[in-house]
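Q:
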Amino acid sequence: MATDIQDLLARSLLAVRTLRSSVNQVFERFRNGMKEDNSNENKERSFLNELQQGLLSVNQNLGEVEKLGSVITAPAGPLLSGNSALLSLDPVLDKTPLHSQLLQAYKWSNKVHDVANHAFVLLNQNSLKRSTLPSGGPAAKRLRTAQQNFHKLPPQQIDAVIDTQKRMFPDLDIKIHRPQGTAAVLEVTVGRAMKIIIVLRGLILETVNVRGLDEQSFKDNGELDIWTKSKYLVYLKITEHACAALLHFYMPHRPDIAFRSFLTWLNSYTSLFTIPCAKCETYLQDNLPPTWREFRNLKPYHEGCRP
Amino acid sequence: MGVVCVASYPVPEGKSGQQIVDVLQSRLEQLGAEKSGQFNVDCETYQSQVPSAQNRLVHLLHNSEQPATCFAVLDTGTCLVADNLFNLLMLKLKNFYPTRKGFKIESKGQRYSLGDFIIKIGSVTFGQNISFKGILVEVEYCPCMVPGDCWDLMKEFMQGFMGNCVENPSNYLKTKMDIMYTPADTIQQYLEHFKTFRKESLAVTR
Numbered sequence: 145m146a147t148d149i150q151d152l153l154a155r156s157l158l159a160v161r162t163l164r165s166s167v168n169q170v171f172e173r174f175r176n177g178m179k180e181d182n183s184n185e186n187k188e189r190s191f192l193n194e195l196q197q198g199l200l201s202v203n204q205n206l207g208e209v210e211k212l213g214s215v216i217t218a219p220a221g222p223l224l225s226g227n228s229a230l231l232s233l234d235p236v237l238d239k240t241p242l243h244s245q246l247l248q249a250y251k252w253s254n255k256v257h258d259v260a261n262h263a264f265v266l267l268n269q270n271s272l273k274r275s276t277l278p279s280g281g282p283a284a285k286r287l288r289t290a291q292q293n294f295h296k297l298p299p300q301q302i303d304a305v306i307d308t309q310k311r312m313f314p315d316l317d318i319k320i321h322r323p324q325g326t327a328a329v330l331e332v333t334v335g336r337a338m339k340i341i342i343v344l345r346g347l348i349l350e351t352v353n354v355r356g357l358d359e360q361s362f363k364d365n366g367e368l369d370i371w372t373k374s375k376y377l378v379y380l381k382i383t384e385h386a387c388a389a390l391l392h393f394y395m396p397h398r399p400d401i402a403f404r405s406f407l408t409w410l411n412s413y414t415s416l417f418t419i420p421c422a423k424c425e426t427y428l429q430d431n432l433p434p435t436w437r438e439f440r441n442l443k444p445y446h447e448g449c450r451p
Numbered sequence: 051m052g053v054v055c056v057a058s059y060p061v062p063e064g065k066s067g068q069q070i071v072d073v074l075q076s077r078l079e080q081l082g083a084e085k086s087g088q089f090n091v092d093c094e095t096y097q098s099q100v101p102s103a104q105n106r107l108v109h110l111l112h113n114s115e116q117p118a119t120c121f122a123v124l125d126t127g128t129c130l131v132a133d134n135l136f137n138l139l140m141l142k143l144k145n146f147y148p149t150r151k152g153f154k155i156e157s158k159g160q161r162y163s164l165g166d167f168i169i170k171i172g173s174v175t176f177g178q179n180i181s182f183k184g185i186l187v188e189v190e191y192c193p194c195m196v197p198g199d200c201w202d203l204m205k206e207f208m209q210g211f212m213g214n215c216v217e218n219p220s221n222y223l224k225t226k227m228d229i230m231y232t233p234a235d236t237i238q239q240y241l242e243h244f245k246t247f248r249k250e251s252l253a254v255t256r
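Going line by line, the protein sequences match chains A and B.
Anchor point for the first sequence: position 136 equals 280 in this note's numbering, and the numbering is continuous, going up by one each time.
Anchor point for the second sequence: position 14 equals 64 in this note's numbering, and the numbering is continuous, going up by one each time.
1) Out of curiosity, what's the CA-to-CA distance linking A/Trp-371 and A/Cys-387?
2) Sorted by chain position, which residues of the same chain lie with C-beta nearer than 8 Å to A/Leu-153's C-beta, five sequence neighbours on each side aside?
3) Could you say which of A/Leu-347, A/Cys-421, A/Asp-364 and A/Leu-157 lies nearest to A/Arg-398 if we only look at CA atoms?
4) DSSP has A/Val-259 in a bridge; who is on the other side?
5) What separation, rounded to the nearest whole angstrom, lies between the Cα atoms of B/Ser-66 and B/Val-73?
6) Grab me the residues of B/Glu-217's own chain with a C-beta within less than 7 Å of its C-beta, minus the 5 sequence neighbours each way, in chain order.
7) Would you kindly work out how many angstroms separate the C-alpha atoms of A/Pro-324 and A/Ala-304, rounded to a whole number?
8) Check distances from the C-beta atoms of the stretch 429 to 451 of chain A to those of chain B and list, in chain order, the residues that come in under 9 Å.
9) Alpha carbon to alpha carbon, how far is A/Leu-206 from A/Leu-199? Give it in angstroms, no decimals.
10) Please list, in chain order, the chain A residues whose beta carbon lies closer than 9 Å to that of B/Glu-206.
11) For A/Val-265, count neighbouring C-beta atoms within 10 Å of its own C-beta (all shown protein chains included) and say buried if the count is 16 or more, exposed if not.
12) What number of angstroms, rounded off, separates the C-alpha of B/Met-204 from the C-alpha of B/Met-195?
13) Check the C-beta distance from A/Tyr-413 over to A/Ala-337 and give it rounded, since I have them as a contact under 8 Å.
14) Counting C-beta neighbours from all protein chains within 10 Å, is the total for A/Trp-252 16 or more, i.e. buried, or is it exposed?
15) At the 9 Å Cβ level, is B/Cys-192 part of the contact set with chain A, yes or no?
16) Quick check on the DSSP output: what are the complete alpha helix (DSSP H) runs of length 4 or more inside the stretch 184 to 222 of chain A, in order along the chain?
17) Mind checking who B/Lys-170 pairs with in its DSSP beta bridge?
18) So, are the CB atoms of B/Cys-120 and B/Phe-136 less than 9 Å apart?
19) Around the C-beta of B/Lys-170, are 16 or more other C-beta atoms found within 10 angstroms, so that it is buried, or is it exposed?
20) What are the residues in the stretch 354 to 373 of chain A lying within 7 Å of chain B by C-beta distance?
21) Count the C-beta pairs between the stretch 240 to 248 of chain B and the stretch 173 to 186 of chain B that are closer than 8 Å, then say yes if the count reaches three, no if not.
22) Taking Cβ-Cβ distances below 8 Å as the criterion, which residues of the stretch 149 to 167 of chain B are in contact with chain A?
23) Please identify the residue among B/Lys-226, B/Asn-214, B/Pro-101 and B/Leu-252 whose C-alpha is closest to the C-alpha of B/Glu-199.
24) At what residue ranges does the stretch 316 to 388 of chain A contain a whole run of the beta strand (DSSP E), taking only runs of 3 or more?
25) With 9 Å as the threshold, decide whether the Cβ of A/Tyr-376 is near any Cβ in chain B.
26) Does chain A have any CB closer than 9 Å to the CB of B/Asn-186?
27) Let me know if A/His-262 comes out buried or exposed under the rule of 16 or more other beta-carbons within 10 Å of its beta-carbon.
28) Which residues does DSSP pair with B/Thr-149 in a beta bridge?
29) Please report the distance separating the alpha-carbon of B/Tyr-162 from that of B/Val-108.
30) Against chain A, with Cβ distances strictly below 9 Å, would B/Gly-210 count as a contact?
31) In whole angstroms, what is the alpha-carbon distance linking A/Val-256 and A/Pro-241?
32) Using CA coordinates, which residue listed in A/Asn-184, A/Glu-188, A/Asn-176 and A/Leu-212 is at the minimum distance from A/Asp-151?
33) Find the nearest neighbour of A/Phe-439 within the set A/Tyr-394, A/Val-329 and A/Leu-428, judged by alpha-carbon distance.
34) Do you know whose CA, among A/Asn-186, A/Glu-194 and A/Ile-149, lies nearest A/Glu-172's CA?
35) Hey, how far is the Cα of B/His-112 from the Cα of A/Glu-350?
36) Identify every run of the alpha helix (DSSP H) within the stretch 51 to 85 of chain B, keeping only runs that are complete inside it and at least 4 residues long; order them along the chain.
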């Protein structure tokens with residue numbers, strides 16, 4: 145049955161093709177028109193003959209197609225053609241939100257355009273610059289070259305900076321050591337509370353280590369001892385806080401300001417044992433005095449009382 | 051070496067010294083203190099035999115915290131810090147400075163550490179028959195060097211487990227408030243307390 149239908153379909157397709165080619169031939173002849181080598185009368189007759197033959201063959205072919213078409217019937221039952229059948233199903237236009245979506249998108253893009261226009265006008269009025277200096281001016285250039293050199297300042301300059309800090313903070317006893325050439329290591333005695341070793345790279349603070357007044361700053365062989373940790377819990381805790389402060393005050397572009405702020409903060413530790421916590425107003429928490437100082441107002445807090 | 055405060059802890063009537071020591075020890079252990087050995091502070095007294103000298107006394111003290119050192123304190127308060135060999139020297143001088151018999155007094159007990167604090171709870175014994183006289187609690191705050199700086203802090207700590215029996219620094223400590231603390235100052239504080247214990251016990255026997 146199925147092969148029958150397929151056979152019929154193939155034959156009818158063939159018939160349609162021959163019909164099309166015969167129709168093509170007829171129109172071809174029309175287009176070429178009459179040939180010129182014969183006499184007029186002959187010419188007309190042969191042309192009409194050819195035309196008639198052509199039309200006859202068209203007629204014949206057409207008859208064949210109609211005959212085959214009448215034989216082919218629609219197959220019983222639904223046509224199983226998989227997903228391709230869905231192609232013929234038209235979407236219900238009323239149910240798709242296409243129109244409203246398009247409308248929304250259009251409104252939105254209109255709005256973006258408007259806002260961008262406003263922003264453009266406003267930004268043109270106020271030119272945003274990161275510094276007050278004219279970009280590319282001589283001052284900017286000088287600043288930039290100066291910034292790059294802060295990690296390799298000459299020792300005399302560092303000594304001068306430290307001397308001014310010494311005058312500013314009389315409670316800090318600053319000693320300068322240079323165990324490895326130019327890099328300075330400061331041994332700062334903070335009042336009668338503690339000693340702190342500060343390693344500098346240029347003027348940039350590199351490492352800190354806090355120890356007690358009775359703990360040695362020098363090893364037995366006379367070398368400066370930078371790394372040995374304190375044996376007291378309170379100084380270990382302060383070392384942690386000082387490292388945090390180091391990061392807080394870190395300013396690679398203005399290390400002199402960072403240095404001064406750090407020393408100001410450090411100076412507040414002269415009252416390490418004498419001042420109670422600003423929040424809980426007691427001296428001890430976990431058997432430790434208030435080991436943390438606020439970075440701005442320098443008030444003492446326990447580690448657990450920090451605001 | 052930090053700042054040390056030695057305080058006597060009162061023993062109420064009807065309680066034995068050992069009971070009070072146990073109470074103090076259990077309080078400390080509850081606070082999280084850890085035992086770190088025994089300690090011992092003893093004091094011998096030598097009396098001058100030279101008639102012209104005014105009955106001068108020399109107190110010879112040892113502290114287990116400084117085991118290789120010997121402290122000799124005069125009545126005037128002058129303190130000599132010397133090697134342990136000084137003991138043998140005193141033996142050589144026994145014709146001039148004989149020991150006062152039955153005058154040996156010492157404080158010994160458990161040593162605790164808690165954070166940066168060292169706490170020693172000692173029971174004081176006196177005389178030949180080693181009779182119990184009282185309790186001395188020594189609290190040391192190791193990081194600080196100056197008594198005046200950390201007195202309030204230490205007072206708060208001591209009040210944490212001893213109550214209000216320490217309000218003001220002792221007379222000796224008051225004179226040392228603003229200078230660096232030394233081990234000799236601990237000895238002087240012990241000697242002060244030993245003297246009062248001796249006085250009390252001698253007053254009772256008379």
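Just so it is clear, CB atoms sit at the ideal spot from N, CA and C, and this is done for glycine as well.
A: Let me lay it out:
1) Within the first sequence, the letter at position 227 stands for residue 371 of chain A. Within the first sequence, the letter at position 243 stands for residue 387 of chain A. Each residue's alpha carbon lies about 14 Å from the other.
2) Counting from one through the first sequence, the residue named residue 153 of chain A turns up at place 9. Correct list, in chain order: Ile-216.
3) Numbered from its first residue, the first sequence carries residue 398 of chain A at position 254. Minimum Cα distance to A/Arg-398 is reached at A/Leu-347.
4) Taking the first sequence and counting its residues from 1, the one referred to as residue 259 of chain A is at position 115. A/Val-259 is not bridged to any residue.
5) Numbered from its first residue, the second sequence carries residue 66 of chain B at position 16. Numbered from its first residue, the second sequence carries residue 73 of chain B at position 23. When rounded, the distance between both Cα atoms is 11 Å.
6) The count along the second sequence starts at 1 and reaches residue 217 of chain B at position 167. Cβ neighbours of B/Glu-217 beyond the five flanking positions: none.
7) Numbered from its first residue, the first sequence carries residue 324 of chain A at position 180. Numbered from its first residue, the first sequence carries residue 304 of chain A at position 160. Checking the sequence, you will find Gln at residue 324 of chain A rather than Pro. Rounded to whole angstroms, A/Gln-324 to A/Ala-304 spans 20 Å at the Cα level.
8) Those residues of the stretch 429 to 451 of chain A placed with their C-beta closer than 9 Å to a C-beta in chain B are Asp-430, Asn-431, Leu-432 and Pro-433, ordered along the chain.
9) As a position in the first sequence, residue 199 of chain A is number 55, starting the count at 1. As a position in the first sequence, residue 206 of chain A is number 62, starting the count at 1. For A/Leu-199 and A/Leu-206, the distance between alpha carbons rounds to 10 Å.
10) Along the second sequence, one-based indexing puts residue 206 of chain B at 156. Per Cβ cutoff of 9 Å: Pro-420, Thr-426, Tyr-427 and Leu-428.
11) Here residue 265 of chain A is taken as the residue at index 121 of the first sequence, counted from 1. Exposed, since its Cβ has fewer than 16 Cβ neighbours within 10 Å.
12) Counted from its first residue, the second sequence places residue 204 of chain B at position 154. Counted from its first residue, the second sequence places residue 195 of chain B at position 145. When the Cα atoms are used, B/Met-204 and B/Met-195 turn out to be separated by approximately 13 Å.
13) Within the first sequence, numbered from 1, the residue matching residue 413 of chain A stands at position 269. Within the first sequence, numbered from 1, the residue matching residue 337 of chain A stands at position 193. Your pair A/Tyr-413 and A/Ala-337 checks out as a contact, with CB atoms roughly 6 Å apart and the cut at 8 Å.
14) In the first sequence, residue 252 of chain A corresponds to position 108, counting from 1. Exposed is the call here.
15) As a working note, residue 192 of chain B is residue 142 in the second sequence. Chain A contact via Cβ: present.
16) Runs of the alpha helix (DSSP H) inside the stretch 184 to 222 of chain A: 184 to 215.
17) As a working mapping, residue 170 of chain B is identified with position 120 in the second sequence. DSSP, once it has assigned bridges, lists B/Arg-161 and B/Glu-188 as partnering B/Lys-170.
18) Within the second sequence, the letter at position 70 stands for residue 120 of chain B. Within the second sequence, the letter at position 86 stands for residue 136 of chain B. With respect to B/Phe-136, B/Cys-120 sits close: the two C-beta atoms are nearer than 9 Å.
19) If you number the second sequence from 1, residue 170 of chain B lands on position 120. B/Lys-170 comes out buried.
20) Contact residues of the stretch 354 to 373 of chain A toward chain B are Gly-356, Leu-357 and Asp-358 (C-beta to C-beta distance below 7 Å).
21) Contact holds: three or more Cβ-Cβ distances are below 8 Å.
22) Residues passing the 8 Å Cβ filter: Leu-164, Gly-165, Asp-166 and Phe-167.
23) Mapped onto the second sequence, residue 199 of chain B falls at position 149. For clarity, residue 199 of chain B is Asp in the given sequence; the question names Glu instead. Looking at B/Lys-226, B/Asn-214, B/Pro-101 and B/Leu-252, the one whose alpha-carbon comes closest to that of B/Asp-199 is B/Lys-226.
24) DSSP runs (the beta strand (DSSP E)) wholly in the stretch 316 to 388 of chain A: 316 to 324, 327 to 334, 338 to 345 and 348 to 355.
25) In the first sequence, counting from the first residue as 1, residue 376 of chain A sits at position 232. With 9 Å as the cut-off, A/Tyr-376 counts as an interface residue toward chain B.
26) Walking along the second sequence from the start, residue 186 of chain B turns up at place 136. In the sequence on display, residue 186 of chain B carries Leu and not Asn. No, no contact with chain A.
27) The residue given as residue 262 of chain A occupies position 118 in the first sequence. Counting Cβ neighbours within 10 Å, A/His-262 comes out exposed, since fewer than 16 surround it.
28) The sequence position of residue 149 of chain B within the second sequence is 99, counting from 1. B/Thr-149 is bridged to B/Tyr-96.
29) Walking along the second sequence from the start, residue 162 of chain B turns up at place 112. Walking along the second sequence from the start, residue 108 of chain B turns up at place 58. Distance between the alpha carbons of B/Tyr-162 and B/Val-108: 31 Å.
30) As a first step, residue 210 of chain B must be located in the second sequence, where it is residue number 160. Chain A, which has a Cβ nearer than 9 Å to the Cβ of B/Gly-210, makes this yes.
31) As a first step, residue 256 of chain A is located in the first sequence; it is residue number 112 there, counting from the start. As a first step, residue 241 of chain A is located in the first sequence; it is residue number 97 there, counting from the start. Approximately 22 Å between the Cα atoms of the pair.
32) Mapped onto the first sequence, residue 151 of chain A falls at position 7. Per the Cα distances, A/Leu-212.
33) Along the first sequence, one-based indexing puts residue 439 of chain A at 295. Ranked by how close their Cα comes to the Cα of A/Phe-439, the residues A/Tyr-394, A/Val-329 and A/Leu-428 have A/Tyr-394 in first place.
34) Within the first sequence, numbered from 1, the residue matching residue 172 of chain A stands at position 28. Among A/Asn-186, A/Glu-194 and A/Ile-149, the Cα nearest to that of A/Glu-172 belongs to A/Glu-194.
35) In the second sequence, counting from the first residue as 1, residue 112 of chain B sits at position 62. In the first sequence, counting from the first residue as 1, residue 350 of chain A sits at position 206. Cα-Cα distance, rounded: 46 Å.
36) Fully enclosed alpha helix (DSSP H) runs of 4 or longer: 67 to 81.
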